[in-house]
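Chains as they are written, first to last, in our numbering: chain C, 13 to 311; chain F, 13 to 311; chain S, 13 to 311; chain H, 13 to 311.
Single-structure report; data block below.
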């Protein structure tokens with residue numbers, strides 16, 4: 013357990029006075045002024061701020077503000093209560109996030125472990141701002157590497173005939189471990205609407221194609237058959253429409269006629285691991301706002 | 013006419029003793045030996061050679077050989093006749109190409125001229141190994157820039173109601189100008205199977221998406237709606253299946269949530285022009301073999 | 013003259029109520045609040061805002077704000093006068109820019125015209141937010157294409173022996189045409205400190221290497237000799253240290269052992285034109301702040 | 013030891029009838045014919061072949077041929093003896109390589125283990141065609157992960173004062189383990205000419221910059237100070253000129269003004285691991301010929 017607890021403690025200490033405020037509301041003049049004046053009056057200093065307006069005329073205003081504030085842990089409740097009035101006046105959707113509240117992640121994995129390996133490595137080096145509280149798999153391959161880091165590992169066999177029962181068990185585990193984010197690191201099982209409804213915009217999947225090309229199964233085989241010159245991977249939030257959720261990140265690599273399906277899979281695995289890792293990082297840093305079926309990612 | 017004739021004369025002189033041989037045949041031991049010995053006996057020196065075998069067991073063997081040979085123009089017929097016997101024994105599909113026989117290209121364009129501008133520019137600087145013999149458009153926008161370079165320009169209004177008549181006229185023009193290659197530089201009109209059948213593997217199109225994503229009309233609008241993080245362009249040979257022909261080249265650029273449809277179009281236009289230009293170059297250098305619905309591109 | 017005046021008129025009309033404010037000052041809590049409240053009180057609506065702080069402790073605060081304001085042309089002076097007091101209190105360096113004041117650019121070019129061609133093309137399509145008021149060259153190659161667009165062209169032979177006299181003439185022309193930005197589109201002449209001092213952070217050069225590799229002459233030849241696997245181009249502001257000015261943008265392309273110097277130059281020319289064009293666009297949109305010898309580019 | 017021996021056995025079995033022939037010689041007509049006829053007569057089937065000629069006139073001819081041959085292990089000596097006569101006539105430099113002779117690698121590492129982790133991962137999945145016979149480090153950080161895979165680990169403290177003694181010890185180990193390839197996976201110690209002379213073109217280093225920019229120590233710090241917009245990594249063979257050896261592979265990633273030195277190091281570490289891994293793979297597949305101070309890499 014030493015590694016796991018050390019990572020968590022270091023992340024908490026490093027970020028303890030750091031907060032984030034994400035807001036969306038109908039655009040109108042003066043919103044930036046209202047928000048920045050509020051934070052200033054609360055003793056918070058804005059260290060990073062990004063905004064976006066969906067349309068110059070009658071659009072939606074979105075902003076992500078990162079701030080520092082002395083004794084933020086103690087001050088948080090007071091700040092949020094004070095903000096309530098402003099949010100109400102300006103019809104704001106908003107959320108605060110605090111550096112000491114390290115998000116709790118569950119990783120779902122199947123036989124192929126390259127994405128899991130990458131996530132664990134980034135996490136061990138302190139570059140993934142999360143506490144990995146549990147790993148769930150329908151195979152045993154990953155057990156040793158997970159448990160040796162002090163992370164609980166659950167082997168839950170899964171197939172479409174026992175889907176509901178499997179998902180019930182998984183939902184229980186998510187509750188038990190109080191999970192904030194579910195990462196499907198090549199989990200390869202389709203989730204039911206019921207399962208998805210428990211975790212809206214909190215399940216990140218990696219699809220092994222450049223969506224919307226090759227939705228569904230066997231994307232590398234179909235990319236090979238089509239003779240594409242680039243292959244890709246897509247990280248997205250999971251919705252009830254298979255591979256149709258809001259896209260967070262995509263990337264591609266060049267291939268050519270000499271690459272067989274196995275080569276595409278190998279090259280693809282390197283794309284998948286970096287695309288998923290980026291998407292997970294941005295989620296953990298509260299850089300993403302979902303708007304209809306698209307994402308706004310504040311880099 | 014000065015520019016056009018100068019470009020052609022320079023290309024002919026530069027490449028006059030240069031030849032290419034493209035071969036595909038059932039793979040078996042000794043094919044490279046047969047081909048290289050033949051060329052050596054004909055006094056030709058291999059200066060570049062690339063091969064590919066579709067499968068180690070009972071696959072198809074493909075090779076592109078670039079060679080130099082003194083007095084190649086005079087020798088060509090003799091070489092081809094001698095090769096006939098070898099080709100027959102080994103069941104070879106093959107073609108010879110000669111540097112002095114500069115391929116004759118027709119460019120089809122609509123209102124948007126960025127791809128045409130790029131092709132004309134590459135051609136003027138001697139980097140596009142072709143004689144552009146005619147430009148055809150269903151709009152007048154491009155007339156001035158085309159004619160000022162000494163290239164005939166034909167304005168042929170087109171829409172789906174008059175498609176057959178328009179294509180008949182175009183086919184006549186292709187015959188009149190003895191066209192080897194048709195380049196659809198954002199022509200935006202669907203071609204009938206009859207038209208396509210006249211020019212098998214000799215029509216190159218640029219589609220403004222990363223195929224097979226966003227087949228058909230309005231790809232940038234649909235890319236915007238889907239919220240993709242990369243947009244692309246695809247150059248392919250035209251077949252009777254819309255946007256389903258053999259892919260020659262693809263590329264992408266990064267976009268984000270701030271990019272509106274107009275931004276995607278602008279960024280996309282830069283991708284389109286370079287992807288189409290590469291595909292056309294490779295075709296003109298006989299670097300492409302079409303195999304079923306895929307391309308082998310020997311770089 | 014029709015093209016040139018049309019472009020300018022369209023740019024002015026499109027951006028007439030659009031303003032930008034760039035500020036840098038010692039960081040302290042409340043700066044964003046001060047600025048956004050000021051603009052709100054002036055009736056301006058912030059449509060885009062990016063900030064950066066060089067260091068969380070005692071750093072420098074930088075911000076670029078894009079805003080819209082009714083009747084901005086008439087209001088500008090009043091707004092600037094009101095801002096003076098705020099700027100003074102917070103020790104701000106700042107500048108306002110207005111959409112109707114289209115920046116006046118001069119392009120310097122030598123024999124190779126690919127960067128010039130690209131800039132003229134982007135400008136004609138309305139994608140380069142400037143009035144190209146003059147082109148200066150030490151060769152005649154570009155005269156026809158420049159003058160046919162209604163842009164004055166000056167042929168001024170140049171070499172190191174007559175440098176001072178040439179620069180005196182150029183400085184006069186810059187004054188005559190009231191030039192805001194000098195774009196060295198492969199001009200290939202070294203400028204004296206005297207010349208540079210007239211246009212601090214207003215001369216943008218394209219260097220044909222990935223700086224700081226291959227500073228000085230013959231970068232493609234030296235890249236070839238070194239056997240690099242990527243070649244690049246760098247756009248930067250010109251200072252008195254050759255090729256050492258603040259970098260605005262860089263990009264690269266892959267090459268391999270088969271590419272000779274001429275191939276590197278050809279591939280490089282495609283990099284140069286896009287890197288220079290991006291840098292020029294960002295300057296024209298006031299996206300760049302120079303800080304010591306580095307640039308902050310707000311995308 | 014199970015993992016290590018399994019990897020080796022699988023590689024040997026997979027490649028047992030596979031051979032490679034690399035040749036360089038003065039170019040003249042008929043060389044391809046000679047080589048391909050020879051292999052055909054030996055019962056070998058060419059499955060991949062790439063050639064390159066340094067200059068059309070009086071250049072050097074280079075070729076890499078991959079072939080399959082029944083009972084290659086038993087036939088190897090006979091084939092090589094027969095080839096001797098041909099090589100002599102045509103003044104060929106050449107080498108044969110055999111799939112069953114898995115190359116033996118030593119990895120040198122310091123405190124930072126990201127490149128080592130990547131190499132070990134690729135090796136475990138069977139994607140690195142080598143037997144990793146020993147890991148040497150001047151720190152203890154990597155011991156556990158190395159030994160748990162059954163690979164011997166040697167801790168040899170090193171600094172410039174004891175360089176000769178350290179290198180003598182290392183050379184002994186290289187002999188003991190019969191090492192073919194030395195991989196400096198961020199080893200961070202300068203090697204003496206004596207050490208290098210023992211392993212000509214057999215030491216691969218990863219330098220954490222886009223060479224020739226930022227030769228020597230502290231490249232990320234210097235990249236930060238210079239304000240570059242891309243950072244890179246370079247894999248090269250080690251010679252006696254620091255960071256001046258033949259470049260095998262390079263790559264870059266985009267950075268911006270917000271990235272501090274620590275960010276550059278993090279982004280750079282991802283570039284380093286993939287660039288080093290590619291270079292090592294190509295070496296192990298005999299895809300590289302060193303010619304003066306440059307590499308020919310047959311992809």
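Beta carbons: idealized from backbone N, C-alpha and C, even for Gly.
Tell me whether residue i sits in a helix, a strand or coil according to DSSP, three-state version.
i, result
"residue 240(C)", "coil"
"residue 263(C)", "strand"
"residue 52(F)", "helix"
"residue 222(C)", "coil"
"residue 143(H)", "strand"
"residue 251(F)", "coil"
"residue 81(S)", "coil"
"residue 296(C)", "helix"
"residue 125(S)", "coil"
"residue 41(F)", "coil"
"residue 289(F)", "helix"
"residue 66(F)", "coil"
If you compare alpha carbons, which of the options is closest to residue i?
i, options, result
"residue 101(C)", "26(C), 29(C), 37(C)", "37(C)"
"residue 54(C)", "246(C), 60(C), 79(C)", "79(C)"
"residue 88(C)", "105(C), 99(C), 112(C), 75(C)", "112(C)"
"residue 208(C)", "182(C), 58(C), 134(C)", "182(C)"
"residue 281(H)", "132(H), 105(H), 186(H), 232(H)", "232(H)"
"residue 250(F)", "263(F), 221(F), 216(F), 223(F)", "216(F)"
"residue 23(S)", "64(S), 242(S), 298(S), 141(S)", "141(S)"
"residue 214(S)", "159(S), 98(S), 190(S)", "190(S)"
"residue 273(H)", "238(H), 158(H), 83(H)", "238(H)"
"residue 74(C)", "279(C), 103(C), 91(C), 132(C)", "103(C)"
"residue 206(H)", "222(H), 179(H), 223(H)", "179(H)"
In whole angstroms, what separates the C-alpha of residue i from that of residue j?
i, j, result
"residue 258(C)", "residue 248(C)", "5 angstroms"
"residue 15(S)", "residue 77(F)", "49 angstroms"
"residue 35(S)", "residue 66(S)", "13 angstroms"
"residue 300(F)", "residue 294(F)", "6 angstroms"
"residue 58(S)", "residue 48(S)", "8 angstroms"
"residue 170(H)", "residue 211(H)", "19 angstroms"
"residue 219(H)", "residue 290(H)", "14 angstroms"
"residue 56(S)", "residue 50(S)", "9 angstroms"
"residue 90(F)", "residue 83(F)", "12 angstroms"
"residue 304(F)", "residue 106(F)", "16 angstroms"
"residue 309(C)", "residue 187(F)", "54 angstroms"
Under the assumption that residue i contacts residue j (Cβ atoms under 8 angstroms), give the Cβ distance between them as a whole number of angstroms.
i, j, result
"residue 276(C)", "residue 229(C)", "Between residue 229(C) and residue 276(C) the Cβ distance is about 15 angstroms, and since that is not below 8 angstroms, they are no contact."
"residue 32(H)", "residue 108(H)", "7 angstroms"
"residue 185(F)", "residue 146(F)", "6 angstroms"
"residue 175(C)", "residue 121(C)", "Not quite, the Cβ-Cβ distance comes to about 17 angstroms (not below 8 angstroms), so this is no contact."
"residue 168(S)", "residue 150(S)", "6 angstroms"
"residue 202(C)", "residue 119(C)", "With 8 angstroms as the limit, residue 202(C) and residue 119(C) do not qualify as a contact, their Cβ atoms being about 18 angstroms apart."
"residue 114(S)", "residue 20(S)", "6 angstroms"
"residue 135(H)", "residue 144(H)", "6 angstroms"
| query | Using 8 angstroms as the Cβ pair cut-off and three pairs as the minimum, do the segment 123-136 of chain S and the segment 30-45 of chain S touch? | reply | No, they do not touch.
| said: Contact between the segment 18-28 of chain S and the segment 279-287 of chain C is defined here as three or more beta-carbon pairs at a separation below 8 angstroms; is this criterion met? | reply: Contact between the segment 18-28 of chain S and the segment 279-287 of chain C is absent: fewer than 3 CB-CB pairs across the two stretches fall below 8 angstroms.
| Does the segment 209-228 of chain F touch the segment 265-272 of chain F, meaning 3 or more C-beta pairs lie closer than 8 angstroms? | Cβ pair count under 8 angstroms is below three, so no.
| What residues from the segment 129-148 of chain S come within 7 angstroms of chain A, judged by C-beta to C-beta, listed N to C? | Structure shown: chain A not included; protein chains present are C, F, S and H.
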